[in-house]
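If you're matching them up, the sequences are chains Z and B in order. Taking the working numbering, the leading residue of the first sequence gets 118, the next gets one more, and so forth. Taking the working numbering, the leading residue of the second sequence gets 118, the next gets one more, and so forth. Okay, so here's the structure we're looking at.
Number of protein chains: 2
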Amino acid sequence: MDPQAIMQIRRNCTRFLNGHYRQTPQQALASLAAYTTPDIDADMYGAGAVITDFERDVAQILGKEAAVFMPSGTMCQQIALRIHAERAGTNRVGFHPLCHLEIHEQQGYQELHHLRGVLIGDPMHLMTLANLQTVAEPLAALLIELPQREIGGQLPAWEDLVALTAYARAHGIALHMDGARLWQCNSFYGHGYEEIAALFDTVYVSFYKDLGGIAGAILAGSADFIARARVWQRRHGGNLVQLYPYVLAAGKGLTEHLARMPAYYDKARSLAAALAALPQISIVPDPPQTNMMHMYLRGDRERLVVAALGIAQETGTWLFPALRPTSLPDLHTLELTVGAATLDLPDAEIADLFRQVFARAE
Amino acid sequence: MDPQAIMQIRRNCTRFLNGHYRQTPQQALASLAAYTTPDIDADMYGAGAVITDFERDVAQILGKEAAVFMPSGTMCQQIALRIHAERAGTNRVGFHPLCHLEIHEQQGYQELHHLRGVLIGDPMHLMTLANLQTVAEPLAALLIELPQREIGGQLPAWEDLVALTAYARAHGIALHMDGARLWQCNSFYGHGYEEIAALFDTVYVSFYKDLGGIAGAILAGSADFIARARVWQRRHGGNLVQLYPYVLAAGKGLTEHLARMPAYYDKARSLAAALAALPQISIVPDPPQTNMMHMYLRGDRERLVVAALGIAQETGTWLFPALRPTSLPDLHTLELTVGAATLDLPDAEIADLFRQVFARAE
Chain Z
118 MDPQAIMQIR RNCTRFLNGH YRQTPQQALA SLAAYTTPDI DADMYGAGAV
168 ITDFERDVAQ ILGKEAAVFM PSGTMCQQIA LRIHAERAGT NRVGFHPLCH
218 LEIHEQQGYQ ELHHLRGVLI GDPMHLMTLA NLQTVAEPLA ALLIELPQRE
268 IGGQLPAWED LVALTAYARA HGIALHMDGA RLWQCNSFYG HGYEEIAALF
318 DTVYVSFYKD LGGIAGAILA GSADFIARAR VWQRRHGGNL VQLYPYVLAA
368 GKGLTEHLAR MPAYYDKARS LAAALAALPQ ISIVPDPPQT NMMHMYLRGD
418 RERLVVAALG IAQETGTWLF PALRPTSLPD LHTLELTVGA ATLDLPDAEI
468 ADLFRQVFAR AE
Chain B
118 MDPQAIMQIR RNCTRFLNGH YRQTPQQALA SLAAYTTPDI DADMYGAGAV
168 ITDFERDVAQ ILGKEAAVFM PSGTMCQQIA LRIHAERAGT NRVGFHPLCH
218 LEIHEQQGYQ ELHHLRGVLI GDPMHLMTLA NLQTVAEPLA ALLIELPQRE
268 IGGQLPAWED LVALTAYARA HGIALHMDGA RLWQCNSFYG HGYEEIAALF
318 DTVYVSFYKD LGGIAGAILA GSADFIARAR VWQRRHGGNL VQLYPYVLAA
368 GKGLTEHLAR MPAYYDKARS LAAALAALPQ ISIVPDPPQT NMMHMYLRGD
418 RERLVVAALG IAQETGTWLF PALRPTSLPD LHTLELTVGA ATLDLPDAEI
468 ADLFRQVFAR AE
């Protein structure tokens, strides 16, 4: 189907399976103007209360001395690993084969920072202590993503995470957390963000995924580490004259969504159970460990998509506009993140809509 | 004086010597929401009409095949020089000693891109053809800033610019324009942006300086060059999931200010003449060649600043909150860019306010 036609169907929908209700730029800017107050001045190259207060608040949530707001997580993480590498005196950094740096950043860590990536473990599973123990050469840093997005938001058991980080620490390996979706982890671990972050030297968190911001990220760590990160931020072209649209949207997102993360998690668990009851659906991980999951759907890909778009047109309920292929021709995946919009759809109704999708696609 | 007190004085002012009227984030976001329309959807990682239409429009203004919007000029320019260097097979790039890359970017071009800078000419003057002819080693690219901000917005005469770029071209040196303030150049040259840009392979322009945007920049050039630049943009962490606040503000700025640049230029010329009549003031360049200039003020620095703040408090007219030192203890500089706010102040009144500043500071 023509992309314009698909976008028009989406525009006419009022209910959405995935994430939060999307706003147009006009709606988002107007709601941001209403959220902020007349006494708030613009930031300037990282200075100004609007940005420094927010950095302090997030540092406190994460139990770190300092934090710096940057335009992107890509920037935060390359910079964190570069500084860890310079401190360690080796440019070798370890991460999972499906790490964001390895698969989504055009090898910026190599091209810009001359770091060498050591891929640890198996793509489809979490990195284990045994995997880490096979690394024979010294590592400057180990990056662990919590939860791990590319495999459905899986999380290591708390004891496994503690063992992995303790081993790294004992071997002089700095620990960096890719916490793009860290906000999702509390319910599973039963530990606060501060306790989870305490296992790491540096932590990156994002604001436009679960928190509904516009863009932007924070890197948190010790005061001297963050001071060095600010130098690299300028080198990257990320010390923007004004970042306030992103900072304000991030603050609004924290206020609106952080307290609701347990509700999103509970919904993910109940919805996954309802969906897994369908013979054409498998859920990874089952049960979900966060408010995200990967659905595996069996059937003809094109027909499934057309069926979902037809249902969107008829019912105003947006399910999915595409499916990602797997190596099996009749098996496809769909990433599902439970947000404010998902909460408004009863589990039984979602399961029924998927039943209709499969029936139409037969 | 306490920075908070200074900010409070500024908040109470209604008239401003420098630039455009400043908006609080709340005002800027609300006016941006009013500027955009409900049918405009958010961009996504560089895709979407809101960003691609704007890139096409600016490419057209500059007479280039393609353009890419990035969060900052720092990113645009390092990337442009990196690509020119890879094409040329040397990492040596030439620029003026006061080039932004050399003095404001923490040597990102060296640290991230392993480029070597060749500083050409004298810091206080424009680069000349004779300067360029002294460079004995091959250069991948030559960066020319039009106008040159750190020396008051000076511009080479058109014939000199043509000769400089022709020499570079004849010697296989790629040409990159730092056009952060290119929008100011039309009146002086009597040539359109497209004609000026035609002397260069790649051009960077900015949107938050003369055009009153929030942040953001564009790099324009050939289609294949810009395609490569997009790869580097992702490596830099500049391919943001959403850039629409910056893009929309840039579009609004072009609409509101571009046609007024000749008026800003005329005002700069008349204002400079009025100010230069004061014995304590010199103007560089005199007369101004764009809508910016550097003022040199003679007197006691601290007393001049206190006097200007006092006048701001009493008259609601904001002159300056600080002066930049020179190597002479009683000589200080002030950068002045004529914008919408300046237009509303009669030249004679500004000159009279400066007369009062000097009288009080005696």
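All C-beta atoms, glycine included, are put in the ideal place defined by N, C-alpha and C. Quantities reported herein were computed from a predicted structural model and do not represent experimental measurements.
Asked, Found
"Segments of 3+ residues assigned as beta strand (DSSP E) that fall wholly inside the stretch 313-390 of chain Z", "319-323 and 334-338"
"Whole beta strand (DSSP E) elements within the stretch 411-470 of chain B, 3-residue minimum", "448-454"
"8 Å contact criterion, which residue 454/B and residue 412/B should meet: CB distance rounded", "Contact flag wrong, Cβ pair sits at about 11 Å."
"Cβ neighbours of residue 400/B in the same chain (closer than 7 Å, five flanking residues each side left out)", "389, 392, 393, 410 and 412"
"Reduced DSSP secondary structure (H/G/I, E/B, other) of residue 272/B", "coil"
"Environment of residue 294/Z [buried if 16+ CB atoms lie within 10 Å]", "buried"
"Cβ distance (whole Å) where residue 215/Z is taken to contact residue 240/Z below 8 Å", "5 Å"
"9 Å Cβ cutoff met for residue 219/Z and residue 213/Z", "yes"
"Helix, strand or coil at residue 258/Z [DSSP, three-state]", "strand"
"Chain Z contacts made by the stretch 434-465 of chain B, where a contact means CB separation under 8 Å", "none"
"Same chain, Cβ closer than 6 Å to residue 437/B, five either side skipped, listed in chain order", "425 and 451"
"Beta-ladder partner(s) of residue 136/B, from DSSP", "455/B"
"Residues in the stretch 347-379 of chain Z having any Cβ partner in chain B nearer than 7 Å", "348, 351, 352, 353, 354, 355, 357, 358, 359, 361, 362 and 365"
"Beta-carbon proximity of residue 366/Z to residue 333/Z, cut-off 9 Å", "yes"
"Cutoff 9 Å: residue 189/B Cβ touching any chain Z Cβ", "yes"
"Rounded distance between the beta-carbons of residue 442/Z and residue 418/Z, thought under 8 Å", "7 Å"
"The ligand MG heavy atom lying under 8 Å from the CB of residue 246/B", "For the structure depicted, the ligand MG is absent and the ligand set is empty, with no information on it obtainable."
"Under 7 Å by beta carbon: chain Z residues contacting residue 262/B", "Near residue 262/B there are no residues of chain Z at all, since even the closest Cβ is about 17 Å away, more than 7 Å."
"Residue 201/Z (DSSP reduced to helix, strand or coil)", "helix"
"Rounded C-alpha distance that separates residue 164/B from residue 158/B", "11 Å"
"Positions along the stretch 137-148 of chain B whose CB lies within less than 9 Å of some CB in chain Z", "139, 140, 141, 142, 143, 144, 145, 146, 147 and 148"
"Sufficient close CB pairs (3 or more, under 8 Å) joining the stretch 196-212 of chain B to the stretch 242-259 of chain B", "yes"
"Nearest residue (CA-CA) to residue 152/B, options 370/B, 463/B and 432/B", "370/B"
"Member of 282/B, 170/B and 269/B whose CA lies at the smallest distance from the CA of residue 406/B", "269/B"
"Euclidean distance between Cα positions of residue 185/B and residue 243/B", "29 Å"
"Interface partners of residue 153/B on chain Z, CB under 9 Å", "141, 142, 143 and 146"
"Which listed residue (182/Z, 440/Z and 203/Z) has its alpha carbon closest to that of residue 230/Z", "203/Z"
"Distance between residue 402/Z and residue 445/Z (C-alpha atoms, nearest Å)", "19 Å"
"Residue 381/B versus residue 361/Z - alpha carbon distance", "28 Å"
"Proximal chain Z residues relative to residue 225/B, where beta-carbon distance stays under 8 Å", "351, 352, 353 and 354"
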